[in-house]
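First up is the structure itself, then whatever we jot down about it.
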Amino acid sequence: MNTRYQVTNAFTMVHPITLTHGKNACVWDTNNKSYIDFVGGIGVLNFGHCQPKIVEAITKQAQLLTHYAYNAAGHLPYQTLMPRLCQWVAASMHAVNTNKAPAALSPQAIADFDSEPHAKAVALSGMLTNSGAEATENALKIARLKTKRVGVIAFDGGFHGRTLAAVNLNGKVAPYKRGLGPLSSAVYHIPFPSPDNTVSDQQAMAALTRLFEIETDVDNIGAFIVEPIQGEGGFQRLSPSFAQYLRAFCDEHGIVLIMDEIQSGYGRTGVPFAFMHLGVNPDLLLLGKSIAGGLPLGAVIGTDDLMNDLPKGSLGGTYSGNPVACAAANATFDIMADATTWENAQHYSDVIETSVSTWQAENLSPWLHGLTGVGAMRGIELRHKEAGTNPQVMTHILTEARARGLLLMPSGKYRHIIRLLPPLTIEPETLQHGLDILKEVLQSIPKHFSQPTNTQPTSAESNNNTAAKTLAAG
Ligand SMILES: Cc1ncc(COP(=O)(O)O)c(C=O)c1O
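Taking our numbering, the leading residue of the sequence shown gets 625, the next gets one more, and so forth.
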């Protein structure tokens, strides 16, 4: 290989392998070694690699129209997708309003919702983007244009993308903000209260009170941005009671509540959108990753009053809502509309819960702290009772699992949570095989990682390991 012409080395690559092809929950590398894939291109493949219906839709569309810029002329895949997307979001919001969430929505429930008289009161509109970060950027613009306020409140440990405004929202300095100097705009961070961490609702509320006493007036704040389940942050759920508080706070102060479901959306938690688990609806919903089964696409969906009457030309982009990506997204809806998808997701989440609780009962490893997340969006937390967290443990697990044919993805502030992102459509025997490998690997963690010379502080707050701080992937 010519070493003068290369891909920049600014990427962190979790797995130093080169892939050639994939099928549902498996991928193969250039040595024809196969792997069970619990990474899914970082949460993009909730319905598997090369899902046949998605591939068929892509192939058909590629023969009809590969590109048109929606700012120049409309095309059918975009015009088919957007009403469908808005309808699913509206039906999901309705499920929240009527206390029916969380439950998977059947196509019948969506159709029934649309024919109900009150459905007419719910009007949503949206736009498509090329990526998650671009959805984040557009949501910030919309909130600014509508509220005429520039301040944004985000959460510790949150992740919203790598573009300059999005990076400013991330609740983590390294590697995302390091070396960038001062970032523009007024962004404030508060702790993320979760049943999966040690932050309480009261602590987050106290941080807000402090913010408005010391840093800025509440009238400067145009938006909150929050992940209902943090992705890169370690599959941690937002506290539902805090979410209710946040909703009421935003309503009281005219603040836009942006929920970033780029990772948690599209069935990842076992229901279409994770806000359904919180019992709270967003004003703007950000989508991406699994929306188009592997093709680059993102979306901002919001209430009509926010999404319409914006300055003409203020939203758009040459490639955003590309016809082939939209065709893939339309096929993704067909899969979500199939009841077996949700049965599979339920099976997956049951197996994960049973396996991890059995491993805990067997005292499989002193590092196995338990599961984070909800439904089918689960992380395995690696935290030793005495030694706390240690990113070397994650490195060991990733390397050993890969050698045995399983790809895993790290997450969490201290690189201490394995995020499990296999397709929801994973075959039961492949899932079992993957979990068997994971079990072996957890048993193989060397004892010396918990000895004093290698240990990290038990207190999460005082942990300051460079490897933990710099290795991340989004
Ligand atoms: C919650 C969340 N928001 C935003 C993004 C950014 O998406 P993209 O990488 O497509 O720009 C990610 C990516 O990991 C994400 O997980």
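Positions of the beta carbon are idealized from the N, C-alpha and C atoms, including for glycine.
* **Residue span of the alpha helix (DSSP H) that contains Ala581, given as start and end** => Residue coverage of the chain in this structure runs from 625 to 1098, which leaves residue 581 outside it and unanswerable.
* Is it true that the segment 1030-1037 meets the segment 646-666, where meeting means three or more beta-carbon pairs spaced less than 8 Å apart? -> Here the segment 1030-1037 lies against the segment 646-666, with 3 or more beta-carbon pairs under 8 Å apart.
* Quick one, which of Val850, His1072, Val797 has its alpha-carbon nearest Ala763's? -> For the purposes of this step, residue 763 is taken as the residue at position 139 of the sequence shown. Checking every option, the nearest Cα to that of Ala763 belongs to Val850.
* Given that a residue counts as buried once 16 or more other Cβ atoms are within 10 Å of its Cβ, and exposed if not, what is Ala697? -> The count along the sequence shown starts at 1 and reaches residue 697 at position 73. Ala697 comes out exposed.
* Asked: So, is Phe635 buried or exposed, given that buried needs 16 or more other C-beta atoms within 10 angstroms?
  -> Translated into positions along the sequence shown, residue 635 becomes position 11. So Phe635 counts as exposed.
* What does a CB cutoff of less than 7 Å around Val948 pick up in its chain, not counting 5 residues either side in sequence? -> Along the sequence shown, one-based indexing puts residue 948 at 324. The residues are Ile682, Gln685, Ala686, Thr690, Leu919.
* Asked: Just to check, is the beta-carbon of Asp780 closer than 7 Å to a non-hydrogen atom of ligand 1?
  -> Taking the sequence shown and counting its residues from 1, the one referred to as residue 780 is at position 156. Taken from the Cβ of Asp780, every heavy atom of ligand 1 lies 7 Å or farther away.
* **Among Pro640, Leu909, Pro935, the one whose alpha carbon lies nearest that of Met717** => Counting from one through the sequence shown, the residue named residue 717 turns up at place 93. Distance from the Cα of Met717 is smallest, within the candidate group Pro640, Leu909, Pro935, for Leu909.
* Cβ of Gly912 within 7 Å of any heavy atom in ligand 1? -> As a working note, residue 912 is residue 288 in the sequence shown. It does: the Cβ of Gly912 is within 7 Å (strictly closer) of some heavy atom of ligand 1.
* Asked: By how many angstroms is the C-alpha of Asn987 removed from the C-alpha of Ala953?
  -> To locate residue 953, count along the sequence shown from 1; it is residue 329. To locate residue 987, count along the sequence shown from 1; it is residue 363. One C-alpha to the other measures close to 43 Å.
* Name the two residues that bound the continuous beta strand (DSSP E) containing Tyr812. => Within the sequence shown, the letter at position 188 stands for residue 812. Counting along the chain, the beta strand (DSSP E) containing Tyr812 begins and ends at 811-814.
* Which residue comes first and which comes last in the beta strand (DSSP E) that contains Val842? -> Here residue 842 is taken as the residue at index 218 of the sequence shown, counted from 1. That residue, Val842, is in no beta strand (DSSP E); it is neither H nor E in DSSP.
* **Own chain partners of Val975 with C-beta closer than 8 Å, once the 5 adjacent residues on each side are dropped** => The sequence position of residue 975 within the sequence shown is 351, counting from 1. So the qualifying residues of the chain are Pro1052, Leu1055, Gln1056, Leu1059.
* **Residue(s) in a DSSP beta bridge with Pro1034** => Mapped onto the sequence shown, residue 1034 falls at position 410. Beta-bridge pairing links Pro1034 to Ile1042.
* For Gly922 versus Gly912, is the C-beta distance shorter than 8 Å? -> The sequence position of residue 922 within the sequence shown is 298, counting from 1. The sequence position of residue 912 within the sequence shown is 288, counting from 1. Cβ atoms of Gly922 and Gly912: closer than 8 Å.
* Using three-state DSSP, classify Trp652 as helix, strand or coil. => Position 28 of the sequence shown, counted from the start, is the residue given in the question as residue 652. Secondary structure of Trp652 (DSSP, three-state): strand.
* Leaving out five residues on either side along the sequence, give the residues of the same chain with a beta carbon under 7 Å from the beta carbon of Thr644. => In the sequence shown, the residue the question calls residue 644 occupies position 20. Counting only Cβ-Cβ distances below 7 Å, and skipping sequence neighbours, we find Trp652, Asp653, Thr654.
* If you run the structure through DSSP and keep just helix, strand and coil, what is Gly805? -> Taking the sequence shown and counting its residues from 1, the one referred to as residue 805 is at position 181. Gly805 carries a coil assignment under DSSP once its states are collapsed to helix, strand and coil.
* To do: Mind the definition here: the segment 755-774 touches the segment 996-1016 only if three or more C-beta pairs lie below 8 Å; say whether that holds.
  => The segment 755-774, when compared against the segment 996-1016, does not touch it at the 8 Å Cβ threshold.
* Check whether Val924 and Gly846 have beta carbons under 8 Å apart -> The sequence position of residue 924 within the sequence shown is 300, counting from 1. The sequence position of residue 846 within the sequence shown is 222, counting from 1. Not closer than 8 Å, so no.
* To do: Measure the CB-CB distance between Leu930 and Lys770 and report whether it falls below 8 Å.
  => Stepping through the sequence shown from its first residue, residue 930 is reached at position 306. Stepping through the sequence shown from its first residue, residue 770 is reached at position 146. With contacts defined as CB atoms closer than 8 Å, Leu930 and Lys770 qualify as a contacting pair.
* Asked: Thinking C-beta only, is Arg1026 closer than 8 Å to Asn670?
  -> Within the sequence shown, numbered from 1, the residue matching residue 670 stands at position 46. Within the sequence shown, numbered from 1, the residue matching residue 1026 stands at position 402. For the pair Asn670 and Arg1026, the CB atoms are not nearer than the 8 Å cut-off.
* Any heavy atom of ligand 1 closer than 7 Å to the Cβ of Phe848? -> Indexing the sequence shown from 1 puts residue 848 at position 224. Within the chosen limit of 7 Å, ligand 1 does not reach the beta carbon of Phe848 with any heavy atom.
* Between which two residues does the beta strand (DSSP E) containing Asp592 stretch? -> There is simply no residue 592 to check, as the chain begins at 625 and stops at 1098 in what is shown.
* Counting only the same chain and skipping the five closest in sequence on each side, list residues whose C-beta sits under 6 Å from that of Val746. => What you label residue 746 is simply residue 122 of the sequence shown in a count that begins at 1. Around Val746: Ala714.
* Asked: Which residue or residues does DSSP assign as beta-bridge partners of Thr978?
  -> Working through the sequence shown from its first residue, we reach residue 978 at position 354. Thr978 has no beta-bridge partner at all, per DSSP.
* Cβ neighbour criterion (16 or more within 10 Å) applied to Glu977 -> Position 353 of the sequence shown, counted from the start, is the residue given in the question as residue 977. Glu977 should be labelled exposed.
* Asked: Would you report the Cα separation of Met706 and Asn794, rounded to the nearest angstrom?
  -> Here residue 706 is taken as the residue at index 82 of the sequence shown, counted from 1. Here residue 794 is taken as the residue at index 170 of the sequence shown, counted from 1. Between the alpha carbons of Met706 and Asn794 lies a distance of about 28 Å.
* Asked: Is the beta carbon of Ala725 within less than 7 Å of some heavy atom of ligand 1?
  -> Here the question's residue 725 lines up with position 101 in the sequence shown. No, the Cβ of Ala725 stays beyond 7 Å of every heavy atom of ligand 1.
* To do: State the start and end residues of the unbroken alpha helix (DSSP H) segment that holds Glu1053.
  => As a working note, residue 1053 is residue 429 in the sequence shown. Taken as a continuous stretch (DSSP letters only), the alpha helix (DSSP H) holding Glu1053 covers 1052-1067.
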